[in-house]
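**Student:**
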Amino acid sequence: MFSGTLISFLGMTVLLSEIRAVWNARSLVWVLTQREVAARHAGTAVGLLWPYLQPLLTVAAYYLVFDVVFSMRTGTGASSHAVGTFLVVGALPWMAFCDAVSRGMTSLIEAGPLLQKNPLPPVLFTARAVLASGVIFGPLLLLIALAYTPLHHFNLALLAMLPLLALQLAVCLLLGYLLAILAAALRDTVQVVGFLLSVGIYLTPILFPMSLFPERWRWVLWLNPMTALVQGYQEVLLQGAWPPASVWVVTAVWLVVIAAVLNVVAARSRDQLVDWL
4 MFSGTLISFL GMTVLLSEIR AVWNARSLVW VLTQREVAAR HAGTAVGLLW
54 PYLQPLLTVA AYYLVFDVVF SMRTGTGASS HAVGTFLVVG ALPWMAFCDA
104 VSRGMTSLIE AGPLLQKNPL PPVLFTARAV LASGVIFGPL LLLIALAYTP
154 LHHFNLALLA MLPLLALQLA VCLLLGYLLA ILAAALRDTV QVVGFLLSVG
204 IYLTPILFPM SLFPERWRWV LWLNPMTALV QGYQEVLLQG AWPPASVWVV
254 TAVWLVVIAA VLNVVAARSR DQLVDWL
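Residue numbers (the working numbering): 4 to 280.
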């Protein structure tokens with residue numbers, strides 16, 4: 004009740020109505036999400052395991068190559084001196100972010116024929132795509148947290164994983180829906196965002212600790228909404244420490260900014276959205 008009053012006070016009434024639409028149709032959204040997950044492994048030999056095996060095999064390859072084969076080490080200032088160990092903590096959340104945002108961005112285009120025939124809220128289909136990614140990557144991130152037990156020794160800071168995951172899901176939902184509307188209006192959005200996601204890993208402290216990035220250019224890293232969250236995961240899993248206040252503040256700022264832009268875009272596109280599809 005309080006959150007709804009706050010959003011309304013900030014003038015985000017359109018966004019509030021979209022959130023209510025998802026909540027009111029939560030049973031349908033869950034059914035759609037289950038079907039989305041099932042569609043991702045349809046026709047594969049290993050079935051349901053395939054969506055989980057792909058990212059797991061990727062991060063396992065990182066660990067094998069950088070830590071086992073080459074025994075590479077990071078520079079000073081890193082929360083772990085083993086490159087593969089450091090890389091996995093940021094790479095898996097980044098893969099989850101890219102998967103959720105890219106699938107959310109194309110969700111309305113893919114659901115266009117259905118939306119033209121049925122008066123369903125478009126936001127349901129973006130929610131379906133993003134939540135399906137969450138169903139796949141959420142357990143994997145928790146599994147990685149358990150795998151890193153020797154580093155954090157089940158420290159109480161591990162509880163911070165839950166709000167970090169919730170915040171990442173919220174960022175992906177809002178950003179995915181914003182991009183889905185923009186992609187419906189301008190198809191070039193898909194190519195532009197795809198390029199940004201492909202190079203975004205180099206503007207996030209995943210391949211390197213932030214201390215190795217030139218100090219006068221570090222502000223560029225904060226233009227990536229995943230920078231703060233990745234730092235949070237690194238603090239928890241590599242140091243066993245509660246993320247600093249900067250992680251929560253920067254992520255909250257990103258949520259407010261994305262929500263404000265989404266509210267304006269959703270309000271202006273409400274009457275034309277289905278026609279664009």
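Glycine included, every Cβ here is placed at the ideal spot set by N, Cα and C.
Leaving out five residues before and five after A262 in sequence, what residues of the same chain have Cβ atoms less than 7 Å from its Cβ?
**Tutor:** Closer than 7 Å at Cβ, skipping near neighbours: M15, L18, L177.
**Student:** Reducing DSSP to helix, strand and coil, say where I139 ends up.
**Tutor:** Reduced to three states, the DSSP call for I139 is helix.
**Student:** Would you report the Cα separation of A187 and P125, rounded to the nearest angstrom?
**Tutor:** In a straight line, the C-alpha of A187 is about 11 Å away from that of P125.
**Student:** Please report the distance separating the alpha-carbon of L240 from that of P246.
**Tutor:** About 10 Å.
**Student:** Please classify G80: is it buried, with 16 or more other beta-carbons within 10 angstroms of its beta-carbon, or exposed?
**Tutor:** Confidence in G80 is poor, its pLDDT being 49 and thus under 50, which makes the residue's placement too unreliable to answer from.
**Student:** Restricting to Cα atoms, I'd like to know which of D102, L276, V202 is closest to R43.
**Tutor:** Taking only the C-alpha atoms, the option nearest R43 is D102.
**Student:** For V277, tell me which candidate among L165, L185, A148, Q119 has the shortest Cα-Cα distance.
**Tutor:** With distances taken between Cα atoms, V277 lies closest to Q119.
**Student:** By the DSSP assignment, the alpha helix (DSSP H) with Q194 in it spans what residues?
**Tutor:** First-last of the alpha helix (DSSP H) with Q194: 191-203.
**Student:** Taking the alpha helix (DSSP H) that W33 falls in, what are its first and last residues?
**Tutor:** From DSSP, the alpha helix (DSSP H) with W33 extends over 29-43.
**Student:** Identify whether N227 lies in helix, strand or coil by the three-state DSSP scheme.
**Tutor:** In the structure shown, N227 sits in coil (DSSP, three-state: anything other than H, G, I, E or B).
**Student:** For W222, does the count of other Cβ atoms within 10 angstroms reach 16, so buried, or fall short, so exposed?
**Tutor:** So W222 ends up on the exposed side.
**Student:** Using C-beta distances below 6 Å, list every residue in its chain close to A132, excluding the 5 sequence neighbours before and after it, in chain order.
**Tutor:** Taken in chain order, the residues that qualify are R106, G107, S110.
**Student:** Note down the Cα distance separating Y236 from R23, rounded to an integer number of angstroms.
**Tutor:** Looking at the two C-alpha atoms, the distance is approximately 30 Å.
**Student:** Quick check on G179: does DSSP put it in helix, strand or coil?
**Tutor:** Reduced to three states, the DSSP call for G179 is helix.
**Student:** On a CA-only basis, which of G243, W257, W26, Y151 is nearest N158? Give me that one, please.
**Tutor:** If we check each option's Cα against that of N158, G243 comes out closest.
**Student:** Does DSSP put L90 in a helix, in a strand, or in coil?
**Tutor:** Helix at L90.
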